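Colleague:
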Amino acid sequence: MAVKSSFSNMILALGCICLVCSALLGLVNHVTAEPIAAANLAKTNSAIKAVTPEFDNVPSEEVMTVEVDGKEYKVYPAKYQDKIIGYAVEVMPTGFGGVIDMLVGFDAETGIIYNTSVISHSETPGLGAKISDTGAGSFRAQFDGMNPAATKFMVKKDGGDIDAITASTITSRAFTSGVAQAYKVYLTIKGEDAADVVTGASNQNWEE
Amino acid sequence: MAGRWKLITKGFVKDNPTFALVLGMCPTLGTTTSAINGMGMGVATMCVLVLSNMVISAVARFIPDKVRIPSYIVIISAFVTIVQLLMQAYLPSLYETLGLFIPLIVVNCIVLGRAEAFANKNGVLDSACDGLGIGLGFTLSLTVVGLVREILGSGSAFGWKFMAPDGMLLFVLAPGAFIVLGYLMVLFRKLTTK
Amino acid sequence: MEYILIIISAVFVNNILLSQFLGVCPFLGVSKKVGTALGMSAAVTFVMALATCVTYLLQYYVLVPFGVEFLQTVCFILVIAGLVQMVEIIIKKISPSLYQALGIFLPLITTNCAVLGVALMVVQKQFTFGGEAHMLNLGQSVVFAIASAIGFGLAIVLFAGIREQLELSNVPKQFKGVPIALITAGIMAMAFMGFSGMV
Chain B
1 MAVKSSFSNM ILALGCICLV CSALLGLVNH VTAEPIAAAN LAKTNSAIKA
51 VTPEFDNVPS EEVMTVEVDG KEYKVYPAKY QDKIIGYAVE VMPTGFGGVI
101 DMLVGFDAET GIIYNTSVIS HSETPGLGAK ISDTGAGSFR AQFDGMNPAA
151 TKFMVKKDGG DIDAITASTI TSRAFTSGVA QAYKVYLTIK GEDAADVVTG
201 ASNQNWEE
Chain P
1 MAGRWKLITK GFVKDNPTFA LVLGMCPTLG TTTSAINGMG MGVATMCVLV
51 LSNMVISAVA RFIPDKVRIP SYIVIISAFV TIVQLLMQAY LPSLYETLGL
101 FIPLIVVNCI VLGRAEAFAN KNGVLDSACD GLGIGLGFTL SLTVVGLVRE
151 ILGSGSAFGW KFMAPDGMLL FVLAPGAFIV LGYLMVLFRK LTTK
Chain H
1 MEYILIIISA VFVNNILLSQ FLGVCPFLGV SKKVGTALGM SAAVTFVMAL
51 ATCVTYLLQY YVLVPFGVEF LQTVCFILVI AGLVQMVEII IKKISPSLYQ
101 ALGIFLPLIT TNCAVLGVAL MVVQKQFTFG GEAHMLNLGQ SVVFAIASAI
151 GFGLAIVLFA GIREQLELSN VPKQFKGVPI ALITAGIMAM AFMGFSGMV
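In order, the protein sequence lines correspond to chains B, P and H.
With the working numbering, the residue at position 148 of the first sequence is 148, and numbering never jumps.
With the working numbering, the residue at position 38 of the second sequence is 38, and numbering never jumps.
With the working numbering, the residue at position 30 of the third sequence is 30, and numbering never jumps.
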């Protein structure tokens, strides 16, 4: 029933199939490129919305890049009536299973943490993945409304102020150090000295 | 029409890919952390199955026997990529949850298996029904495994949390997948062998 | 030093089979005898290392520069299929007895999710070995592939040993075969979970 397996036939058949498939894929890729970019943007935008007070600009279009300690961080300014009311700082600490892509929103004036959100992570389900949980009593709830200037950003086990997730110390440490890094970025934007911020990322003893 | 209906329903129990044929184990274990994830994976696989079965059935006559398998592989992987791109664009959260397992549909023994065993010998519509049947059976088993793991491990069903405590964590992790699947298979056997 | 971390992580902590669920079909099919399991793992190791090397180069020197990353799945699986064919021909010439022993399992390596899985992982995921997350370079990728294959082999061979014992035990009728194998695998997976936190 199949065509004879001569060399030229084989090449022709395989070649045709590859060509048609590649063309089809190219087409679909082209068509979906925009929705994919839009979906990614929507994710970032909704995360920004969650961590800053109500704004009327499009923060993702006004993204700034701030350099702290040799690393670059993206900062999304939230504006209301042309006045900057909040900064959403994107940090990517290394967690247990991979990179944690997270946003920390600071009130522009006071530096109080408005909220945190996690864009993506690869932590263990049921354990480290609890960094995605929100609501009263969740790990992230303790960061809402926190004053970074008065907080030791390390888990209680390491002598800091942060309650870790049970049995997920590494993930909790990573998230906490992410928040501390974000605060450093915020201070840098405000032009203040970021050297005193304890990040807990390096296991140094907290001095002062 | 009765024949076609039979093609579709046989995939549910008699030829259930997971419990009867023991095929497609990797995604069954890897994507069933919740009922929705399992269902999503099943539907994605089903789409690839139906589409590739149809195309392969249509062009099987023109493909020389020696390049049969590579040709099928190209066709299947093309559809997998299309499904992948569409999911990335329109179902981004499911796409992220299923992660690596979406491109792995291409090596899901079920897809290539059906192409070899059925699609290259039968008509387009029959092959589509066969793909649909097996795909639905696969989706069913994935959803069931996912549901059991979700209920036991997270205290929720289809995302709706009905138990305040979280349930036994083990079931959402790797060992739980193996164990749940093993016990479900025993249950399936008990129910199907009279 | 990083290579040691990669190896330990891939073999024990994130065992490709017991914690990533890749390569389960051959796992359930081949692991009935220790001898076949060993042969299978050797073949898989070879194919995985070679495939990862080729697909890595393909990704970064062809797919990315030409902007056709969407052809990734198609190209990768074709490379793997081709390599398996090649390995089959070579083994047939070099050692016909090994070829006989492996039988049907050799072409089945093509559909082994582990091979495609590892090839995709090294070009898609960022790895965190004792520090910052980053993508692997070619050398690290190949080491990762070999280590993953060793992890696969370890799981399969251990399992074959257990299964040989299971054959002689009194297993309830409905559990015989695949179900008891799955449950045993689950317990093994639990044991391997004990390695987590090692890196």
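Idealized CB from N, CA, C, for every residue including glycine.
No experiment lies behind these values; they were computed from the predicted model shown.
B:N115 lies in the beta strand (DSSP E); which residues open and close that run?
Modeller: Counted from its first residue, the first sequence places residue 115 of chain B at position 115. 113-120 is the extent of the beta strand (DSSP E) around B:N115.
Colleague: Quick check on the burial criterion: 16 or more other C-beta atoms within 10 angstroms. Buried or exposed for H:Q124?
Modeller: The residue labelled residue 124 of chain H in the question sits at position 124 within the third sequence. With fewer than 16 Cβ atoms within 10 Å of its Cβ, H:Q124 is classed as exposed.
Colleague: Under a CB-based cut-off of 8 Å, is H:M135 close to chain P?
Modeller: Taking the first residue of the third sequence as position 1, residue 135 of chain H is located at position 135. Output row for H:M135: interface = no.
Colleague: Output needed in chain order: residues of the segment 13-27 of chain B with a Cβ under 7 Å from some Cβ in chain P.
Modeller: Residues A13, L14, I17, C18, C21, L24, L25.
Colleague: For H:F66, count neighbouring Cβ atoms within 10 angstroms of its own Cβ and tell me buried if that reaches 16, exposed if not.
Modeller: The sequence position of residue 66 of chain H within the third sequence is 66, counting from 1. Classification of H:F66: exposed, given that the 10 Å Cβ count is below 16.
Colleague: Taking a contact to mean a Cβ-Cβ separation below 8 Å, would you say B:P147 touches B:V51 in this structure?
Modeller: Within the first sequence, residue 147 of chain B is the residue found at index 147, counting from 1. Within the first sequence, residue 51 of chain B is the residue found at index 51, counting from 1. It is Asn, not Pro, that sits at residue 147 of chain B in the sequence shown. The answer is no: Cβ separation not under 8 Å.
Colleague: Would DSSP call H:S95 helix, strand or coil?
Modeller: Indexing the third sequence from 1 puts residue 95 of chain H at position 95. DSSP places H:S95 in coil when its eight states are reduced to three.
Colleague: Which one of B:P59, B:A39, B:Q81 has the shortest CA to CA distance from P:S93?
Modeller: Numbered from its first residue, the second sequence carries residue 93 of chain P at position 93. Nearest C-alpha to P:S93: B:A39.
Colleague: Checking 8 Å against the spacing of the C-beta atoms, do H:L81 and H:T52 come in under that value?
Modeller: The count along the third sequence starts at 1 and reaches residue 81 of chain H at position 81. The count along the third sequence starts at 1 and reaches residue 52 of chain H at position 52. Note that residue 81 of chain H corresponds to Ala in the displayed sequence, not to Leu. No. Outside cutoff.
Colleague: Which value, in whole angstroms, describes the spacing of the CA atoms of B:S117 and P:P17?
Modeller: By 1-based counting over the first sequence, the position of residue 117 of chain B is 117. By 1-based counting over the second sequence, the position of residue 17 of chain P is 17. Approximately 40 Å between the Cα atoms of the pair.
Colleague: Return the residue from the list B:E67, B:S172, B:G191, B:G15 that minimises the CA-CA distance to B:M102.
Modeller: Counting from one through the first sequence, the residue named residue 102 of chain B turns up at place 102. Here the closest residue by C-alpha is B:S172.
Colleague: Got a sec: is the Cβ-Cβ distance from P:F178 to anything in chain H below 8 Å?
Modeller: Your numbering for residue 178 of chain P matches position 178 in the second sequence. Taking Cβ atoms only, chain H reaches closer than 8 Å to P:F178, which makes this a yes.
Colleague: Look at the alpha carbon of B:I11 and the alpha carbon of P:K66, and state the distance between them as a whole number of angstroms.
Modeller: The residue you call residue 11 of chain B lines up with position 11 of the first sequence. The residue you call residue 66 of chain P lines up with position 66 of the second sequence. Distance between the alpha carbons of B:I11 and P:K66 is about 11 Å.
Colleague: If I follow the unbroken alpha helix (DSSP H) through B:T44, where does it start and stop?
Modeller: The residue labelled residue 44 of chain B in the question sits at position 44 within the first sequence. Residues 7-51.
Colleague: Should the segment 44-61 of chain P be regarded as contacting the segment 116-128 of chain P, the criterion being three or more beta carbon pairs within less than 8 Å?
Modeller: Because the criterion of three Cβ pairs below 8 Å is met, the segment 44-61 of chain P and the segment 116-128 of chain P touch.
Colleague: Beta-carbon of P:V74 versus every beta-carbon of chain H: anything under 8 Å?
Modeller: Taking the second sequence and counting its residues from 1, one reaches residue 74 of chain P at position 74. So yes, P:V74 belongs to the interface.
Colleague: In whole angstroms, give me the CA-to-CA distance for H:F46 and H:N14.
Modeller: For the purposes of this step, residue 46 of chain H is taken as the residue at position 46 of the third sequence. For the purposes of this step, residue 14 of chain H is taken as the residue at position 14 of the third sequence. If you take the alpha carbons of H:F46 and H:N14, they lie about 20 Å apart.
Colleague: Show which residues of chain P have a CB atom less than 8 Å away from the CB atom of H:N112.
Modeller: Position 112 of the third sequence, counted from the start, is the residue given in the question as residue 112 of chain H. Neighbours of H:N112 on chain P, chain order: V107.
Colleague: With a CB to CB cut of under 7 Å and the five nearest residues on each side skipped, what residues in its chain are close to P:K10?
Modeller: By one-based count along the second sequence, residue 10 of chain P stands at place 10. Contacts found: G133.
Colleague: Under 8 Å between C-beta atoms, does H:I187 make it to chain P?
Modeller: Locating residue 187 of chain H in the third sequence gives position 187, where the first residue counts as 1. Chain P, which has a Cβ nearer than 8 Å to the Cβ of H:I187, makes this yes.
Colleague: With B:F153 and B:A180 assumed to form a contact (beta carbons below 8 Å), what rounded beta-carbon distance in angstroms separates them?
Modeller: As a first step, residue 153 of chain B is located in the first sequence; it is residue number 153 there, counting from the start. As a first step, residue 180 of chain B is located in the first sequence; it is residue number 180 there, counting from the start. The Cβ separation is near 4 Å, so the contact holds.
Colleague: With distances taken between CB atoms, is the gap from B:I119 to B:K43 smaller than 8 Å?
Modeller: For this step, residue 119 of chain B is matched to residue 119 along the first sequence. For this step, residue 43 of chain B is matched to residue 43 along the first sequence. The answer is yes: Cβ separation under 8 Å.
Colleague: Mind reading off the beta-carbon distance from P:S27 to P:N108? Whole number of angstroms is fine, and I expect it under 8 Å.
Modeller: Residue numbering aside, residue 27 of chain P sits at position 27 when the second sequence is read from its first letter. Residue numbering aside, residue 108 of chain P sits at position 108 when the second sequence is read from its first letter. Note that residue 27 of chain P is Pro in the sequence shown here, rather than Ser. Going by Cβ atoms, the distance from P:P27 to P:N108 rounds to 6 Å, so yes, they are a contact pair.
Colleague: Comparing the C-beta of H:A81 with each C-beta of chain P, is any distance below 8 Å?
Modeller: Walking along the third sequence from the start, residue 81 of chain H turns up at place 81. It does; some Cβ of chain P falls within 8 Å.
Colleague: Given this structure, state the Cα-to-Cα distance separating P:V144 from B:Y76, to the nearest angstrom.
Modeller: Indexing the second sequence from 1 puts residue 144 of chain P at position 144. Indexing the first sequence from 1 puts residue 76 of chain B at position 76. Roughly 43 Å between the two C-alpha positions.
Colleague: Along chain H, which residues have their Cβ under 7 Å away from the Cβ of B:V68?
Modeller: The residue given as residue 68 of chain B occupies position 68 in the first sequence. What B:V68 touches in chain H: nothing, since even the nearest Cβ is about 15 Å away.
Colleague: Consider the Cβ of H:S178: report whether some Cβ of chain P lies at a distance smaller than 8 Å.
Modeller: Position 178 of the third sequence holds residue 178 of chain H. The identity of residue 178 of chain H in the sequence shown is Val, whereas the question assumes Ser. With 8 Å as the cut-off, H:V178 counts as an interface residue toward chain P.
Colleague: Using 8 Å for Cβ pairs, my map puts H:V178 next to H:L28. What's the rounded Cβ distance?
Modeller: Here residue 178 of chain H corresponds to residue number 178 of the third sequence, with the count starting at 1. Here residue 28 of chain H corresponds to residue number 28 of the third sequence, with the count starting at 1. With a Cβ gap of about 6 Å, H:V178 and H:L28 count as contacting.
Colleague: What residues from chain P crowd round B:S120, counting only those whose CB sits closer than 8 Å?
Modeller: On the first sequence, position 120 is the one that residue 120 of chain B refers to. Neighbours of B:S120 on chain P, chain order: E96.
Colleague: Going by CA-CA distance only, name the one from H:S19, H:I183, H:Y56, H:S148 that's closest to H:L5.
Modeller: As a working mapping, residue 5 of chain H is identified with position 5 in the third sequence. Nearest C-alpha to H:L5: H:S148.
Colleague: What are the complete alpha helix (DSSP H) segments, minimum 4 residues, inside the segment 47-113 of chain P?
Modeller: Within the segment 47-113 of chain P, the complete alpha helix (DSSP H) runs of at least 4 residues are 68-90, 92-98.
Colleague: Please list, in chain order, all residues of the same chain as H:F12 whose beta carbon is under 6 Å from its beta carbon, the five residues on each side excluded.
Modeller: The count along the third sequence starts at 1 and reaches residue 12 of chain H at position 12. Here the set comprises F195.
Colleague: Between the segment 38-48 of chain P and the segment 70-87 of chain P, do at least 3 Cβ pairs fall closer than 8 Å?
Modeller: As far as the Cβ criterion goes, the segment 38-48 of chain P touches the segment 70-87 of chain P, which means the pair count is three or higher.
Colleague: Taking 8 Å as the cut-off, decide whether the C-beta atoms of H:F144 and H:V122 are in contact.
Modeller: As a position in the third sequence, residue 144 of chain H is number 144, starting the count at 1. As a position in the third sequence, residue 122 of chain H is number 122, starting the count at 1. Yes, these two residues count as a Cβ contact at 8 Å.
Colleague: Please list the terminal residues of the continuous beta strand (DSSP E) segment that includes B:F106.
Modeller: Counting from one through the first sequence, the residue named residue 106 of chain B turns up at place 106. Where B:F106 is concerned, the enclosing beta strand (DSSP E) stretches over 101-107.
Colleague: Which value, in whole angstroms, describes the spacing of the CA atoms of B:Y186 and H:I7?
Modeller: The residue labelled residue 186 of chain B in the question sits at position 186 within the first sequence. The residue labelled residue 7 of chain H in the question sits at position 7 within the third sequence. C-alpha separation (whole angstroms): 39 Å.
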